[in-house]
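Novice: Following the working numbering, the numbering of the sequence shown begins with -2 at its first residue and continues without gaps.
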Amino acid sequence: MPYYRVVGEVPRKRHVQFRRPDGGLYAEELMGEEGFSSDSSLLYHRHAPTAIIKSEGVDGDPAGAADLTPNHPLRPRAYRTQDLPPGGDMVLGRQVLFGNEDVRMSFVAASGPSELYRNSVGAEVVYVQTGAARVETSYGALDVGEGDYVVIPTGTTHRWVPVAAQGGGPGAAGGAESAGGAESAGGAGETLRALVIEARGHVRPPKRYLSQYGQFLEQAPYSERDLRGPAAPLLVEGGEVPVLVRNRGGLSRLTYLHHPFDVIGWDGHLYPYVFNIDDFEPVVKRTHAPPPVHQTFEGPGFVICSFCPRPLDFHEEAVPIPYNHHNVDSDEMMFYVGGDYSARKGSGIGVGSISLHPSGFTHGPQPGAVEAVVEAVRAGHTATTELAVMIDTFRPLGLGAAARRCEDPGYAWTWARTAE
-2 MPYYRVVGEV
8 PRKRHVQFRR
18 PDGGLYAEEL
28 MGEEGFSSDS
38 SLLYHRHAPT
48 AIIKSEGVDG
58 DPAGAADLTP
68 NHPLRPRAYR
78 TQDLPPGGDM
88 VLGRQVLFGN
98 EDVRMSFVAA
108 SGPSELYRNS
118 VGAEVVYVQT
128 GAARVETSYG
138 ALDVGEGDYV
148 VIPTGTTHRW
158 VPVAAQGGGP
168 GAAGGAESAG
178 GAESAGGAGE
188 TLRALVIEAR
198 GHVRPPKRYL
208 SQYGQFLEQA
218 PYSERDLRGP
228 AAPLLVEGGE
238 VPVLVRNRGG
248 LSRLTYLHHP
258 FDVIGWDGHL
268 YPYVFNIDDF
278 EPVVKRTHAP
288 PPVHQTFEGP
298 GFVICSFCPR
308 PLDFHEEAVP
318 IPYNHHNVDS
328 DEMMFYVGGD
338 YSARKGSGIG
348 VGSISLHPSG
358 FTHGPQPGAV
368 EAVVEAVRAG
378 HTATTELAVM
388 IDTFRPLGLG
398 AAARRCEDPG
408 YAWTWARTAE
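1) Secondary structure at ALA138, three-state DSSP: helix, strand or coil?
2) In whole angstroms, what separates the C-alpha of ARG222 from that of ASN321?
3) Just the Cα atoms here: how many angstroms apart are GLU372 and HIS291?
4) With a 10 Å radius around its C-beta and 16 neighbouring C-beta atoms as the bar for buried, classify GLY327 as buried or exposed.
5) How about ALA385 and GLN92: are their beta carbons less than 9 angstroms apart?
6) What does the alpha-carbon distance come out to for the pair ARG11 and ALA63?
7) With respect to the alpha helix (DSSP H) encompassing PHE372, which residues constitute its N-terminal and C-terminal limits?
8) Does the region 106 to 125 come within contact of the region 202 to 212, defined as at least 3 CB pairs closer than 8 angstroms?
9) Can you grab the Cα-Cα spacing for the pair LEU394 / LEU27, in whole Å?
10) By alpha-carbon positions, which one of TYR333, TYR268 and THR151 ends up nearest to ALA196?
11) Which of the three DSSP states, helix, strand or coil, is assigned to GLU221?
12) Just to confirm, is the Cβ distance from LEU232 to ILE50 under 9 angstroms?
13) Whose CA, out of PRO279, ASP80 and SER344, lies closest to the CA of ASP423?
14) By the three-class DSSP mapping on this structure, what secondary structure does GLN79 have?
15) In chain order, what residues of the same chain lie with their CB nearer than 7 angstroms to the CB of GLY172, ignoring the 5 residues before and after it?
16) Quick one: give me the first and last residue of the alpha helix (DSSP H) that ALA120 is part of.
17) So, does the region 295 to 314 touch the region 339 to 356, judging by three or more C-beta pairs under 8 angstroms?
18) Please determine, among VAL118, ASP259 and VAL374, the residue with the shortest C-alpha to C-alpha distance to VAL238.
19) Here's the rule: buried if 16 or more other CB atoms are within 10 angstroms of the residue's CB, otherwise exposed. What is GLN216?
20) Of all the beta strand (DSSP E) runs that stay within the bounds of the region 222 to 295, which reach a length of 3 or more residues?
21) Taking the alpha-carbon of GLY349 as reference, which of GLY361, VAL334 and PRO355 has the nearest alpha-carbon?
22) Do ALA130 and GLU352 count as a contact pair if the criterion is CB distance below 9 angstroms?
23) Identify every run of the alpha helix (DSSP H) within the region 316 to 375, keeping only runs that are complete inside it and at least 4 residues long; order them along the chain.
24) Starting from the Cα of GLU2, find the closest Cα among THR381, ARG392 and ALA229 and give me that residue.
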């Protein structure tokens, strides 16, 4: 996380005696990355966070050892997530689309609350396509809605509670700076549709956006003001609480003697936060800019990019649409979440679609799209409305069972067709 935050009560010095009103000591928990040589936060619990009374394996995890098949014979592919069935929650309801040794992508259409959950393999980034939820964590509560990227660091105990939608954008579902009891938000809400990105490691803003001390630079496409984090502790009492824990051996359920949401305060640089895609400031050039200008986050072996509405390229002879391109080192997955996709007209791509363009294949606009956009600019068209999330991976992506269920089998041949 790029900047320091303090929430709730903390003592003036780190690692000194910090006493409860009854005279007992609060229990420290230092959450740290890379062997405590990188970002960390120090949390203060009412009870020992180490007290477990049971551990059991969990069978039937739909997002566990994913059945991934190679993209062979090699071809570009497209999928319709809107055809995937709803059901389950944000953890056990994940339907695996793609994956490799570095990252896994799943689609979820959840309506009920999840169990308490901790991913100890890596960070998770959840893009909320539609719906709203409260994400309850040991750091506090985050209220999220349409267009939000929810970044959850490795090892963070949390649960997802869908709620009735209250509109998208920053502060959706009541504002991420609010907090409240975990029990108050219980119950099923409207369907929460989301893309879940599970890293095998940590996810951060791109280094080139930050100073050597971690501050966002002026030329970065977003800043600290655009990030929403917990503002108050989320205190819950209770005992014998189960927590689903994912590690490299699979999914286990640990039962804790005390509720993990007993943190009265914390400080540091490591915590869950929210960034809304509408707060990304696109780079505009006279001619078409390459994909790296859209980068939003980076993880081990992959990057996440945001394609947002922006003015069209304004050179008098510009071709204001992507050129044919071949990313020779990456597979490119694009999740189309809003707006109009003029470059894809005639391909069957629409809101909710996903395209997968593997390395080894040159891709670009559909036939007739370049001419159509040039004519539209001559007629006064000045901006694009497309909204999409792109993930580029530096190892080939395998195809999951959910992808195989919702594939458009004719997509690969659409460049050979005339414009519709």
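Beta carbons are placed, not taken as given, at the ideal position from N, Cα and C, and that holds for glycine.
Specialist: To lay it out plainly:
1) As a working mapping, residue 138 is identified with position 141 in the sequence shown. Strand, per DSSP.
2) Within the sequence shown, the letter at position 225 stands for residue 222. Within the sequence shown, the letter at position 324 stands for residue 321. Looking at the backbone, the Cα of ARG222 and that of ASN321 are separated by about 36 angstroms.
3) Indexing the sequence shown from 1 puts residue 372 at position 375. Indexing the sequence shown from 1 puts residue 291 at position 294. Taking the straight line from one Cα to the other gives about 26 angstroms.
4) By one-based count along the sequence shown, residue 327 stands at place 330. A small correction: the amino acid at residue 327 is Ser; Gly does not occupy that position in the sequence shown. With 16 or more other Cβ atoms within 10 Å, it is buried.
5) Against the sequence shown, residue 385 aligns to sequence position 388. Against the sequence shown, residue 92 aligns to sequence position 95. The Cβ atoms of ALA385 and GLN92 do not sit closer than 9 angstroms to each other.
6) As a first step, residue 11 is located in the sequence shown; it is residue number 14 there, counting from the start. As a first step, residue 63 is located in the sequence shown; it is residue number 66 there, counting from the start. Between ARG11 and ALA63, the C-alpha separation is close to 42 angstroms.
7) The sequence position of residue 372 within the sequence shown is 375, counting from 1. Going by the sequence as given, residue 372 is Glu instead of Phe. That run of the alpha helix (DSSP H) goes 366 to 375.
8) no
9) Stepping through the sequence shown from its first residue, residue 394 is reached at position 397. Stepping through the sequence shown from its first residue, residue 27 is reached at position 30. Looking at the two C-alpha atoms, the distance is approximately 35 angstroms.
10) Residue mapping note: residue 196 aligns to position 199 of the sequence shown, counting from 1. Residue THR151 is the option with its Cα nearest to ALA196.
11) Your numbering for residue 221 matches position 224 in the sequence shown. The answer is helix: DSSP assigns GLU221 an H, G or I state.
12) As a first step, residue 232 must be located in the sequence shown, where it is residue number 235. As a first step, residue 50 must be located in the sequence shown, where it is residue number 53. It is not a contact, given that the beta carbons lie outside the stated cut-off.
13) Nothing about residue 423 can be read from this structure; the chain reaches only from -2 to 417.
14) As a first step, residue 79 must be located in the sequence shown, where it is residue number 82. In this structure, GLN79 counts as helix in the three-state DSSP scheme.
15) Locating residue 172 in the sequence shown gives position 175, where the first residue counts as 1. Only weak support exists for where GLY172 lies, its pLDDT of 38 falling under 50; the coordinates are left without a value.
16) For the purposes of this step, residue 120 is taken as residue 123 along the sequence shown, with counting starting at 1. Run containing ALA120: none; DSSP gives neither H nor E here.
17) Counting Cβ pairs under 8 angstroms, fewer than three are found: no touch.
18) To locate residue 238, count along the sequence shown from 1; it is residue 241. Ranking VAL118, ASP259 and VAL374 by Cα distance to VAL238 puts ASP259 first.
19) Mapped onto the sequence shown, residue 216 falls at position 219. Per the 10 Å Cβ criterion, exposed.
20) 236 to 244, 247 to 255, 260 to 265 and 270 to 273
21) As a working mapping, residue 349 is identified with position 352 in the sequence shown. Nearest C-alpha to GLY349: VAL334.
22) As a working note, residue 352 is residue 355 in the sequence shown. As a working note, residue 130 is residue 133 in the sequence shown. Before going on, a small fix: residue 352 reads as Ser here, not Glu. For SER352 and ALA130, no; Cβs fall outside 9 angstroms.
23) 366 to 375
24) In the sequence shown, the residue the question calls residue 2 occupies position 5. The identity of residue 2 in the sequence shown is Arg, whereas the question assumes Glu. Nearest of THR381, ARG392 and ALA229 to ARG2, Cα basis: ALA229.
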